[in-house]
Amino acid sequence: MTADVVLDDVTVRFGPFTAVDHAQLRIEPGEFFSFLGPSGCGKTTILRTISGFIQPTEGAVRIGGRDMAGITPNNRPTALIFQNLALFPMMSVADNIGYGLRVRGQSRRKRQARVDELLDLIALSDQGGKMIDELSGGQRQRVAIARALAVEPQVLLLDEPLSALDLKLRQHMRRELRAIQQRVGITFIYITHDQGEALTMSDRIGVMNAGRIEQVGRGRDIYDDPKTEFVASFVGENNALPGRVAAVAEGLAAVETGFGLLRGRNPRGLQPGQPAKLFVRPEALRVRPQGFAADVADIAYEGNLTHISLRAGDTPLAMLIGAGDHTQPPNIGDHVTLGFAEHEATVLPAGP
Amino acid sequence: MTAATGHWLVLALPVLVLAFFVISARLEKRSIASFWRRNGTAVSIYLLGAVGLWAIFMIVLPQLFMVEMSFRPKLPPTQMGGPRDIYTLQNYKYFLFGSTSSTDSWNVIHLRAFAITIVASVLITLFNFAFCYPLAFYMAQVATAARVRVLLLMLIAPYWINEVLRAFALRVIFAGSGVLNRALQGMGLITEPFDFLGADVAMYVGLSYAYLLLLVFPLYNAVESLDKRQIEAARDLGAPWWHIHLFIVMPHAKPGIASGCTLVFMLTSGALAAPLVLGGPRTLWFTPIVYDRFYQAFNWPQGAAYAFILLLTCVAFVLAVLRLSRLSLGEMTK
Numbered sequence: 021m022t023a024d025v026v027l028d029d030v031t032v033r034f035g036p037f038t039a040v041d042h043a044q045l046r047i048e049p050g051e052f053f054s055f056l057g058p059s060g061c062g063k064t065t066i067l068r069t070i071s072g073f074i075q076p077t078e079g080a081v082r083i084g085g086r087d088m089a090g091i092t093p094n095n096r097p098t099a100l101i102f103q104n105l106a107l108f109p110m111m112s113v114a115d116n117i118g119y120g121l122r123v124r125g126q127s128r129r130k131r132q133a134r135v136d137e138l139l140d141l142i143a144l145s146d147q148g149g150k151m152i153d154e155l156s157g158g159q160r161q162r163v164a165i166a167r168a169l170a171v172e173p174q175v176l177l178l179d180e181p182l183s184a185l186d187l188k189l190r191q192h193m194r195r196e197l198r199a200i201q202q203r204v205g206i207t208f209i210y211i212t213h214d215q216g217e218a219l220t221m222s223d224r225i226g227v228m229n230a231g232r233i234e235q236v237g238r239g240r241d242i243y244d245d246p247k248t249e250f251v252a253s254f255v256g257e258n259n260a261l262p263g264r265v266a267a268v269a270e271g272l273a274a275v276e277t278g279f280g281l282l283r284g285r286n287p288r289g290l291q292p293g294q295p296a297k298l299f300v301r302p303e304a305l306r307v308r309p310q311g312f313a314a315d316v317a318d319i320a321y322e323g324n325l326t327h328i329s330l331r332a333g334d335t336p337l338a339m340l341i342g343a344g345d346h347t348q349p350p351n352i353g354d355h356v357t358l359g360f361a362e363h364e365a366t367v368l369p370a371g372p
Numbered sequence: 554m555t556a557a558t559g560h561w562l563v564l565a566l567p568v569l570v571l572a573f574f575v576i577s578a579r580l581e582k583r584s585i586a587s588f589w590r591r592n593g594t595a596v597s598i599y600l601l602g603a604v605g606l607w608a609i610f611m612i613v614l615p616q617l618f619m620v621e622m623s624f625r626p627k628l629p630p631t632q633m634g635g636p637r638d639i640y641t642l643q644n645y646k647y648f649l650f651g652s653t654s655s656t657d658s659w660n661v662i663h664l665r666a667f668a669i670t671i672v673a674s675v676l677i678t679l680f681n682f683a684f685c686y687p688l689a690f691y692m693a694q695v696a697t698a699a700r701v702r703v704l705l706l707m708l709i710a711p712y713w714i715n716e717v718l719r720a721f722a723l724r725v726i727f728a729g730s731g732v733l734n735r736a737l738q739g740m741g742l743i744t745e746p747f748d749f750l751g752a753d754v755a756m757y758v759g760l761s762y763a764y765l766l767l768l769v770f771p772l773y774n775a776v777e778s779l780d781k782r783q784i785e786a787a788r789d790l791g792a793p794w795w796h797i798h799l800f801i802v803m804p805h806a807k808p809g810i811a812s813g814c815t816l817v818f819m820l821t822s823g824a825l826a827a828p829l830v831l832g833g834p835r836t837l838w839f840t841p842i843v844y845d846r847f848y849q850a851f852n853w854p855q856g857a858a859y860a861f862i863l864l865l866t867c868v869a870f871v872l873a874v875l876r877l878s879r880l881s882l883g884e885m886t887k
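Heads up: the protein sequence lines correspond to chains A and B, in order. Take 21 as the starting number for the first sequence in the numbering used here and just add one per residue. Take 554 as the starting number for the second sequence in the numbering used here and just add one per residue.
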């Protein structure tokens, strides 16, 4: 069984500090949804509000259509996986997984069957008798998932559970988490500051900044079509060229920057005279016969990719050339002119 | 064997123990030279001297002499070391069977006092645990740092008052015309003053109160080291509050519970001030009996024997409980 999660104008305040600011969102049943944002952006607060450890100051959380006001964490159809996993060190793996069933008063025999089933799911079939400290990091991870799944939650909440693992294991666990989610078919809500995790695993991503959900969408949409300055600069690398809108026409805007008049898409419908930033991805930036001038400061060759650092006046810029692009990378110290395709740049309102 | 040889044996034992440690250090290839090198001459001499003196003169020798004394008969000073000063079990026999002139086959009075002391100490320890655990949990997991400081101060401050004074203060409260009786009479709950001292209420309150603090601190430390998220995880998985305490917090705090309860049990069973000051006229607690052996009967060997019976029983009891709860002595100090 799975359920949708609705945040209806949820605000959470701690004294004068607003941790979550009017969050409005519906997470579909069976969806893998990620909250992505820097630390302190309020994403963990949102998760703890959904799980019931924090009550919203304003607004309501609805799970499966039911208002969760006043319902304690142990009575919600959610299960939370903690950042440090919070496995019980004095219990065996099997007892950890069976804990939720034990508090529900299930008989040892019935419990055992379910625990065995879950041990199979996480591929630790013969390790049920081990203690937690005998397991590797990845195995602990999987035990934490099994313990949460044992109580058959409709929504699984994950609070950066991969952050303690090394890079290789983290990448492996991404695939594994996604596979487990598709097998059990329940809603996963995942918290991360790692855009790689969010982009690879999620059906949709909510990008958060300073308590506000800035943009919600599929990973590709968020990367290709950021709607705010924060999203554009936080998700993926981006070159920001500040200026003022000079003219608009047919969904495009021309921005008067320090490097001349540059054109990009105008998704927010900016009007001439407004302060703006033009964002262009490193992979969209190219050496061209015409454009604005820059000096090549450094080149890092990585095989399939070449990272090129440039300086245009005081502004550092990044350019990325793929091995399959059939473009000849410049040399350090070269004086080049840069350009990009209009539809690959985005003009967004500049923040205060 | 005469007492003279016994004395030599007692003095030789610490030397033998020291020799054992030196030899075992040698066997493990831990050279004394490296100890010297690591600490420097001055510090090394201080460490060895201080630890050695402390262990031998404060702990080992007095106890050994008491053990030795407990096996000797009570003799006038002129006959000490004489032909009648031989090792005997008569002091231990007296505890079990009483004097030879007694008609009872068992020394009922002393044995009963002994049993009451052990059982009551267990009950007081359990009561103290039930009282301290919620407090320790609140301080360790719920309260803010500022509130914990205030609470700790409030807990510690009463213990600046010495034990005897505290006991007499309780006597003032519980006496026939004391504060408590007058308050109860004033409220019309009782017409005649209740004999709290005779019913041993005052003594048990005094005993519970005396070592309360020694349980709060180990419990507080043990519960404090529990990750809050473990409690949250259990709650999230649907555990009711009592289940979390019984199966998450207490197993984690087991070493602290064990060390605190051991301390309280040992000290309560050996407490002297509260039973002496607060005990009723018919009260028989074991420690005043031991005290009487020394200062009323002037029978030091018998007093030593009684004290050792109490000590050994308590140690055996504690070790048995630790064994049952699958704890080692090493874990308790964690």
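Think of the CB as a built atom: it goes at the ideal place given N, C-alpha and C, for glycine as much as any other residue.
When we look at the beta-carbon of residue i and count the other beta-carbons within 10 Å, is it buried (16 or more) or exposed?
i      : result
G62/A  : buried
F610/B : exposed
I662/B : exposed
H192/A : exposed
I352/A : exposed
M221/A : buried
D334/A : exposed
R167/A : buried
S71/A  : buried
F818/B : buried
E234/A : buried
G739/B : exposed
H805/B : buried
S54/A  : buried
G283/A : The sequence given here has Arg at residue 283/A, not Gly. Classification of R283/A: buried, given that the 10 Å Cβ count is 16 or more.
Within a Cβ cutoff of 8 Å, which residues of the same chain sit near residue i, ignoring the five residues on either side of it in sequence?
i      : result
R724/B : G731, L750, A755, V830 and L831
T670/B : S822, W838, F839, T840 and L863
D41/A  : T31, G62, A230, G231 and R232
Please confirm if residue i has its CB atom under 9 Å from at least one CB of chain A.
i      : result
Q783/B : yes
R700/B : no
L790/B : yes
I639/B : no
I801/B : yes
P793/B : yes
A786/B : yes
Step through the CB atoms of chain B and report whether any lies within less than 9 Å of the CB of residue i.
i      : result
R167/A : yes
L100/A : yes
P58/A  : no
G323/A : no
S71/A  : yes
Y119/A : yes
T65/A  : no
R203/A : no
R124/A : yes
Could you list which residues in chain A have their beta carbon closer than 7 Å to that of residue i, in chain order?
i      : result
H798/B : Residues of chain A passing the Cβ test: none, with the nearest at roughly 12 Å.
P804/B : M110
In chain order, what residues of the same chain lie with their CB nearer than 6 Å to the CB of residue i, ignoring the 5 residues before and after it?
i      : result
G278/A : none
Q294/A : V265
Can you give me the Cβ contacts of residue i inside the same chain, cut-off strictly under 7 Å, excluding the 5 residues immediately before and after it?
i      : result
L600/B : N592
P349/A : I319, T326, I328 and I341
R134/A : L121 and A170
Residues of chain A with CB under 8 Å from residue i, in chain order?
i      : result
D780/B : N104 and A106
Which bits of chain B does residue i rub up against, with CB to CB less than 8 Å?
i     : result
P97/A : What P97/A touches in chain B: nothing, since even the nearest Cβ is about 11 Å away.
N94/A : R788, D789, L790, G791, A792 and P793
Please compile the residues from chain B whose C-beta is within a distance smaller than 7 Å of the C-beta of residue i.
i      : result
V171/A : L790 and G791
Checklist entry - Can you list, in chain order, the stretches of the alpha helix (DSSP H) that have 4 or more residues and sit fully within the region 109-191 of chain A? => result 113-123, 128-141 and 157-170
Checklist entry - Going along the chain, which unbroken runs of the beta strand (DSSP E) with 3 or more residues stay wholly within the region 298-368 of chain A? => result 306-321, 325-332, 335-342 and 355-359
Next on the checklist: So within the region 225-259 of chain A, which uninterrupted alpha helix (DSSP H) runs reach at least 4 residues, ignoring any that extend past its ends?
Outcome noted: 239-244 and 249-254
Checklist entry - Residue ranges of each alpha helix (DSSP H) run of no fewer than 4 residues wholly in the region 747-789 of chain B, ordered along the chain? => result 754-763, 765-777 and 781-789
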